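Residue numbers (the numbering used here): 43 to 199.
Where is the CB? At the ideal position from N, CA and C, for every residue including glycine.
Small disclaimer: the values here were computed from a predicted structure and weren't measured.
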Amino acid sequence: MNLEGGCSCAALRYKLTASPLIVHACHCRDCQRVTGSGFAVNIWIEKQFVETNGAIPKSFMLAAGSGKKHEVFFCDRCGTCVWSRYHGAPGDALFVRAGTLDKPEAVTPDVHIFTRSKLPWLDLPADAPAFESFYSIEKVWSPESKERLRRNRAGQI
Ligand SMILES: [Zn+2]
Ligand SMILES: [Zn+2]
Numbered sequence: 043m044n045l046e047g048g049c050s051c052a053a054l055r056y057k058l059t060a061s062p063l064i065v066h067a068c069h070c071r072d073c074q075r076v077t078g079s080g081f082a083v084n085i086w087i088e089k090q091f092v093e094t095n096g097a098i099p100k101s102f103m104l105a106a107g108s109g110k111k112h113e114v115f116f117c118d119r120c121g122t123c124v125w126s127r128y129h130g131a132p133g134d135a136l137f138v139r140a141g142t143l144d145k146p147e148a149v150t151p152d153v154h155i156f157t158r159s160k161l162p163w164l165d166l167p168a169d170a171p172a173f174e175s176f177y178s179i180e181k182v183w184s185p186e187s188k189e190r191l192r193r194n195r196a197g198q199i
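Here it is as structure tokens:
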């Protein structure tokens, strides 16, 4: 799966050269504000698998629920937020906004998180794993993704 996407003005284009580790639908207040919507769909992927056309996004800093920094990256021409970096998340990874994919339908959320601030008019699919806040990676991730995370933390990816 080679997913491609970019910002609204196309100055920033990217390609994901590996499959997502996991796809979050995040219903936290920061994601609602940053997207101006009900939730964000975030692709968690190792930074090195996000290849850009050379455009360097700008960023601003928020404080994540964990108290650690949440850095949001956006195109400096059109302002589209393309990904985030959570300093509290393990490994060197980015959270790519799936709404910026050329084909956003190519990914489906694996888990819904921070549903404590989910908007009341939104009903989640009955079989979708959902968590009030965050979850245990050990319990939720596939063995393959856990192995990739282990290698990423060891500096091998
Ligand atoms: Zn742009
Ligand atoms: Zn969020």
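Where the beta strand (DSSP E) containing residue i begins and where it ends
i, result
"Val83", "Ala82 to Glu88"
"Thr94", "Val92 to Thr94"
"Glu113", "Lys111 to Phe116"
Option in the options with minimal Cα separation from residue i
i, options, result
"Lys57", "Cys68, Ala131, Gly133 and Lys89", "Lys89"
"Asn84", "Pro146, Ala52 and Thr94", "Pro146"
"Lys160", "Ala131, Glu174 and Asp152", "Glu174"
"Ala106", "Gly130, Asn95 and Cys51", "Gly130"
"Cys120", "Gln198, Glu189, Leu136 and Arg55", "Arg55"
Contact under 7 Å by Cβ, residue i with residue j
i, j, result
"Phe156", "His69", "yes"
"Val124", "Cys73", "no"
"Gly141", "Leu191", "no"
"Phe102", "Val114", "yes"
"Leu143", "Leu45", "yes"
Strand pairing of residue i, partner residues [DSSP]
i, result
"Ala53", "DSSP, once it has assigned bridges, lists no residue as partnering Ala53."
Range covered by the alpha helix (DSSP H) that runs through residue i
i, result
"Lys181", "Ile179 to Val182"
"Arg75", "Arg71 to Thr77"
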